[in-house]
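Asker: Just dropping this structure here.
There are 2 protein chains.
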Amino acid sequence: MKRRDIVLGLGATTLLTACGQSQAPGIATSKTQRFEWKMVTTWPKNFPGLGSAAEYLANAIGEMSGGRLTIRVYGAGERVPALETFDAVSRGAAEMGHGAAYYWKGKSPAAPFFTAIPFGLTAQEMNGWLYFGGGLELWRELYDGFNLVPFEAGNTGTQMGGWFRDPINSLADLKGVKMRIPGLGGEVMKKIGVTTVNIPGGELFTALQTGTIDATEWVGPYNDLAFGLHKAAKNYYYPGWQEPGPTLEAIVNKDAWNTLPEDLQAIVSYACQATGSQMLAEYAARNQQALQTLVNEHGVKLQAFPDDVMAALREASDEVLEELIANDAFSRKVYDSYEAYRMRVEQSTRIMEQAYLNSRELP
Amino acid sequence: MKRRDIVLGLGATTLLTACGQSQAPGIATSKTQRFEWKMVTTWPKNFPGLGSAAEYLANAIGEMSGGRLTIRVYGAGERVPALETFDAVSRGAAEMGHGAAYYWKGKSPAAPFFTAIPFGLTAQEMNGWLYFGGGLELWRELYDGFNLVPFEAGNTGTQMGGWFRDPINSLADLKGVKMRIPGLGGEVMKKIGVTTVNIPGGELFTALQTGTIDATEWVGPYNDLAFGLHKAAKNYYYPGWQEPGPTLEAIVNKDAWNTLPEDLQAIVSYACQATGSQMLAEYAARNQQALQTLVNEHGVKLQAFPDDVMAALREASDEVLEELIANDAFSRKVYDSYEAYRMRVEQSTRIMEQAYLNSRELP
Chain R
0 MKRRDIVLGL GATTLLTACG QSQAPGIATS KTQRFEWKMV TTWPKNFPGL GSAAEYLANA
60 IGEMSGGRLT IRVYGAGERV PALETFDAVS RGAAEMGHGA AYYWKGKSPA APFFTAIPFG
120 LTAQEMNGWL YFGGGLELWR ELYDGFNLVP FEAGNTGTQM GGWFRDPINS LADLKGVKMR
180 IPGLGGEVMK KIGVTTVNIP GGELFTALQT GTIDATEWVG PYNDLAFGLH KAAKNYYYPG
240 WQEPGPTLEA IVNKDAWNTL PEDLQAIVSY ACQATGSQML AEYAARNQQA LQTLVNEHGV
300 KLQAFPDDVM AALREASDEV LEELIANDAF SRKVYDSYEA YRMRVEQSTR IMEQAYLNSR
360 ELP
Chain C
0 MKRRDIVLGL GATTLLTACG QSQAPGIATS KTQRFEWKMV TTWPKNFPGL GSAAEYLANA
60 IGEMSGGRLT IRVYGAGERV PALETFDAVS RGAAEMGHGA AYYWKGKSPA APFFTAIPFG
120 LTAQEMNGWL YFGGGLELWR ELYDGFNLVP FEAGNTGTQM GGWFRDPINS LADLKGVKMR
180 IPGLGGEVMK KIGVTTVNIP GGELFTALQT GTIDATEWVG PYNDLAFGLH KAAKNYYYPG
240 WQEPGPTLEA IVNKDAWNTL PEDLQAIVSY ACQATGSQML AEYAARNQQA LQTLVNEHGV
300 KLQAFPDDVM AALREASDEV LEELIANDAF SRKVYDSYEA YRMRVEQSTR IMEQAYLNSR
360 ELP
């Protein structure tokens, strides 16, 4: 267990309060001082939605600070490889990073709770937990042990279940299917008989087209269309049970954070929150356009996973989560907070947003 | 038709671009200049969720600007009555306002599209239209005729259908029911036989308890619990078809806007967007808590409107919208943009968020 039990001085549930608290005493905070930061990311430079959120964040900070804090964004591999983002910011090789917490499961089994877990919270529910349910405090407690301050800074909204070369008519059809699905979703799929592999995004199309894999999940219509996955498989499955509302993170090296005057700390915090909203809006608008194109121009067949598949996935998800937190007290603490909130918020979502959405389906 | 056909120089779909464009030439923009603004609002001071969003916005701007732009928030009636917010900011009696566009239907029939319309967009869908679907451009075009610059600055998420003293088992049970439901929702209800009245929020509880009215809608569990409506009626209906994702607005007097240097304009813009996310998070978290209290401690009976009621409401909603836009070319233009987007986004929401939410219901 690598988490160290240091509590950050940032234990507030709202950005508002969080911003003004961690001013390190004795550090120069002149309003004329200029800061030039590097932001390393887990995305290809300007990758639609994901990379563009990082750019939006950097631009927002630059504009609001009038150039006092400028941030240069590096795509994955430009400065450090995607999956070294966390370590690079932790040791100060870059002041800031943009990515997703579930990439750092090797650092702590609790990390995925701050992005998405199978059958977990949607984007809006997740923000409720982070900002008003204690989630952000737990996240900051965890990352403090790595010299990092995390922020919510993006969300794709609910993703899609994935592309399958052959239709899945029942649970039996999934046995032996070779699917690219990383993370906890992959562990769940493995439990119900799927052979899971991890393949970098750039190789997905060819792997699916040549039959090296039978299926893959990626993101949703907006990103999947850009990758051309519809040319390699026609069966497009929903829902995206594995990532119902994945949160992206901005991480800031704590020493760098402490050198910022309070107004620039506030700018970074609120810019992250604005980026979260902007990215959800982008996905809402771009997904609907891409879906039209996929269905109307490329003959993609939209299909729901059969009920027995969904039931098996959910049961397996519970097992995977239990195993995840089994040997780590902090992960258990995060799980307890998340689960208590999830069970209650599902009830309010059910009679509010969900009931409304379903009412649009009435004849 | 009061809208004047002046196109604002702010015709960008993203905040990012919008921020830097309207710098009036020749106006002093020193970074040492301090601005003290008044924000009038349509909410009681610090009213949970609504008034607190206005405070969050003002605080965000104050913190990020390091005190260069400070905003004093006035509750409804403190400086001007709630429904004079628009005019007060338009003529410069206050530099800024916080409210909701649908209160200004008397100024333009198009106004409600920028808050919520019956059977319209959810919060996430709405933000997609505003930021990436041309909605914000249309909104700015409309308000430019009133010397105002509007921003998205809050959303309650999907509301509830309302409180009824007697259960509604079919459409027939609604005939003659006396209900407080303002705006377009009220016009729709009227078409299906409900007698609608408008009563200020503060008098709702007594009116419902004494039987002056038989039913009322307000917001959702968080605000309704605070008002004690469950003590006057036990039948709590969903879904909130009349306000599926109402957007709140911040409005800025255009002359005041043009005196701000670019960095402060950016701070106002992004602070509004951050407030939108914060408010949705607050409602997600607080609604789930309040719902538990209502059901478990106060014996409130959650009920879905019967299908025949929902069908009649939807049909009547279409009629109300047609009448709304019938005699106003700009409203027709807004409607066309909104409707084209709505029909497509309903399809992507259906297979993404909605399908996921429904999968949580499987046994």
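As you go down the protein sequences, you meet chains R and C in turn. Here numbering that gives the first Met the number 0 is used: position 173 in the first sequence is 172, and no number is missing along the way. Here numbering that gives the first Met the number 0 is used: position 29 in the second sequence is 28, and no number is missing along the way. For every residue, glycine included, the Cβ atom is placed at its ideal position computed from N, Cα and C.
Contact criterion: CB-CB distance below 8 Å. Does T121(R) meet it with respect to chain C?
Answerer: Reading the first sequence from its first residue, position 122 is the one you call residue 121(R). By this cut-off, T121(R) is an interface position.
Asker: Hey, is W240(C)'s beta-carbon within less than 8 Å of any beta-carbon in chain R?
Answerer: As a first step, residue 240(C) is located in the second sequence; it is residue number 241 there, counting from the start. Interface criterion met: the Cβ of W240(C) is under 8 Å from a Cβ in chain R.
Asker: Return the residue from the list P238(R), G50(R), P108(R) and L290(R) that minimises the CA-CA distance to A303(R).
Answerer: Here residue 303(R) corresponds to residue number 304 of the first sequence, with the count starting at 1. Selected option, being the one with the closest Cα: P238(R).
Asker: Determine the chain C residues that contact T194(R) at a beta-carbon separation under 9 Å, and present them in chain order.
Answerer: Locating residue 194(R) in the first sequence gives position 195, where the first residue counts as 1. Chain C residues near T194(R): none, gap ~23 Å exceeds 9 Å.
Asker: Kindly confirm or deny that the segment 90 to 108 of chain R and the segment 118 to 125 of chain R touch, where touching means at least three C-beta pairs closer than 8 Å.
Answerer: no
Asker: Quick check on P149(C): buried or exposed, where buried means 16 or more other Cβ atoms within 10 Å of its Cβ?
Answerer: By 1-based counting over the second sequence, the position of residue 149(C) is 150. So P149(C) counts as buried.
Asker: Among the candidates G201(R), F145(R), N234(R) and L228(R), whose CA atom is the shortest distance from the CA of P166(R)?
Answerer: As a first step, residue 166(R) must be located in the first sequence, where it is residue number 167. Of G201(R), F145(R), N234(R) and L228(R), the residue nearest in Cα terms is N234(R).
Asker: Bridge partners for G161(R) per DSSP, in chain order?
Answerer: Counting from one through the first sequence, the residue named residue 161(R) turns up at place 162. Y236(R).
Asker: What in chain C is Cβ-close to M351(R), meaning under 8 Å?
Answerer: Start at 1 with the first residue of the first sequence, and residue 351(R) comes out as number 352. In chain order: G156, T157, Q158, M159, G219, Y237, P238, G239 and N286.
Asker: Suppose contacts are defined by Cβ-Cβ distances below 8 Å. Is F163(R) in contact with D213(R) by that definition?
Answerer: Mapped onto the first sequence, residue 163(R) falls at position 164. Mapped onto the first sequence, residue 213(R) falls at position 214. Result yes, Cβ atoms of F163(R) and D213(R) sit closer than 8 Å.
Asker: Taking all protein chains shown into account, do 16 or more other C-beta atoms lie within 10 angstroms of the C-beta of L82(C), making it buried, or fewer, making it exposed?
Answerer: Here residue 82(C) refers to the residue found at position 83 of the second sequence. L82(C) comes out exposed.
Asker: For the alpha helix (DSSP H) holding Y142(R), just list the boundary residues, first then last.
Answerer: Mapped onto the first sequence, residue 142(R) falls at position 143. Where Y142(R) is concerned, the enclosing alpha helix (DSSP H) stretches over G134 to D143.
Asker: Within this structure, are the beta carbons of K364(C) and V196(C) separated by less than 8 Å?
Answerer: Nothing can be reported for residue 364(C): it is not among the residues displayed for chain C, which extend from 0 to 362.
Asker: Once DSSP output is grouped into helix, strand and coil, what is the label at T36(R)?
Answerer: One-based indexing of the first sequence puts residue 36(R) at position 37. First, the amino acid is wrong: residue 36(R) is Trp here, not Thr. Judged by DSSP in its simplified three-state form, W36(R) adopts strand.
Asker: Given a cut-off of 8 Å on the beta-carbon distance, is the pair Q287(C) and V294(R) in contact?
Answerer: Along the second sequence, read from residue 1 onward, the residue named residue 287(C) stands at position 288. Along the first sequence, read from residue 1 onward, the residue named residue 294(R) stands at position 295. Result no, Cβ atoms of Q287(C) and V294(R) do not sit closer than 8 Å.
Asker: Mind listing the chain C neighbours of M63(R)? Cutoff is C-beta to C-beta under 8 Å, in chain order.
Answerer: Counting from one through the first sequence, the residue named residue 63(R) turns up at place 64. Chain C residues near M63(R): M63, D262, A265, I266 and Y269.
Asker: Mind checking if E345(R) is an interface residue toward chain C, Cβ cutoff 8 Å exclusive?
Answerer: Reading the first sequence from its first residue, position 346 is the one you call residue 345(R). Chain C contact via Cβ: present.
Asker: Using only alpha-carbon positions, find the residue among C271(C), E321(C) and A255(C) that is nearest to V187(C).
Answerer: Within the second sequence, the letter at position 188 stands for residue 187(C). When only C-alpha atoms are compared, the closest one is E321(C).
Asker: Let me know the beta strand (DSSP E) ranges lying completely inside the segment 297 to 348 of chain C, each 3 residues or longer, listed in chain order.
Answerer: 300 to 303
Asker: Using a Cβ cut-off of 8 Å, pull out every chain C residue sitting near A310(R), in sequence order please.
Answerer: Working through the first sequence from its first residue, we reach residue 310(R) at position 311. Under the 8 Å cutoff, chain C gives L361 and P362.
Asker: If we cut at 8 Å on Cβ distances, does L279(R) have a partner in chain C?
Answerer: Mapped onto the first sequence, residue 279(R) falls at position 280. Interface residue, yes.
Asker: Looking only at C-alpha atoms, which of Y355(C), L361(C) and E360(C) sits nearest to T157(R)?
Answerer: Counted from its first residue, the first sequence places residue 157(R) at position 158. Of the candidates Y355(C), L361(C) and E360(C), the one whose C-alpha sits nearest the C-alpha of T157(R) is Y355(C).
Asker: Can you look up V187(C) in the DSSP assignment and give me helix, strand or coil?
Answerer: On the second sequence, position 188 is the one that residue 187(C) refers to. Helix, per DSSP.
Asker: Alpha carbon to alpha carbon, how far is Y142(C) from V333(C)?
Answerer: Locating residue 142(C) in the second sequence gives position 143, counting from the first residue. Locating residue 333(C) in the second sequence gives position 334, counting from the first residue. Straight-line measurement puts the Cα of V333(C) at about 13 Å from the Cα of Y142(C).
Asker: Going by alpha carbons, who is nearest to G91(R) out of M351(R), A75(R) and T258(R)?
Answerer: Working through the first sequence from its first residue, we reach residue 91(R) at position 92. For the residues M351(R), A75(R) and T258(R), the minimum Cα distance to G91(R) belongs to T258(R).
Asker: Going along the segment 197 to 222 of chain C in order, which residues come within less than 8 Å of chain R, judged by CB to CB distance?
Answerer: The residues in question are G219 and P220.
Asker: T40(R) and Y73(R) - do their beta-carbons sit closer together than 8 Å?
Answerer: Counting from 1 along the first sequence, the entry for residue 73(R) is found at position 74. Counting from 1 along the first sequence, the entry for residue 40(R) is found at position 41. For Y73(R) and T40(R), yes; Cβs fall inside 8 Å.
Asker: Using alpha carbons as the reference points, say which of P245(R), N154(R) and L137(R) lies closest to I116(R).
Answerer: To locate residue 116(R), count along the first sequence from 1; it is residue 117. The shortest Cα separation from I116(R) among P245(R), N154(R) and L137(R) belongs to P245(R).
Asker: Of all the CB atoms in chain C, is at least one closer than 8 Å to the CB of K30(R)?
Answerer: Locating residue 30(R) in the first sequence gives position 31, counting from the first residue. Cβ-Cβ to chain C under 8 Å: yes for K30(R).
Asker: Assess, as a yes-or-no matter, whether the segment 50 to 66 of chain R is touched by the segment 268 to 275 of chain R under the definition of 3 or more beta carbon pairs within less than 8 Å.
Answerer: yes
Asker: Looking at the C-beta of P108(R), does it have a partner C-beta in chain C at a distance below 8 Å?
Answerer: Here residue 108(R) refers to the residue found at position 109 when the first sequence is read from its first residue. No, no contact with chain C.
Asker: Just grab the DSSP bridge partners of L203(C) for me.
Answerer: Within the second sequence, the letter at position 204 stands for residue 203(C). Beta-bridge pairing links L203(C) to no other residue.
Asker: Buried or exposed: which applies to E35(R), given that a residue is buried once 16 or more other Cβ atoms fall within 10 Å of its Cβ?
Answerer: On the first sequence, position 36 is the one that residue 35(R) refers to. It is exposed - the Cβ of E35(R) has fewer than 16 other Cβ atoms within 10 Å.
Asker: Any beta carbon from chain R within less than 8 Å of D317(C)'s own beta carbon?
Answerer: Translated into the one-based positions of the second sequence, residue 317(C) becomes position 318. No, D317(C) does not count as interfacial toward chain R.
Asker: Which residues in chain R sit within 7 Å of G127(C), going by Cβ to Cβ distance?
Answerer: Counting from 1 along the second sequence, the entry for residue 127(C) is found at position 128. Residues of chain R passing the Cβ test: A280, A283 and A284.
Asker: Just list the residues that DSSP pairs I250(R) with in beta bridges.
Answerer: Here residue 250(R) refers to the residue found at position 251 of the first sequence. Bridge partners of I250(R): G96(R) and P149(R).
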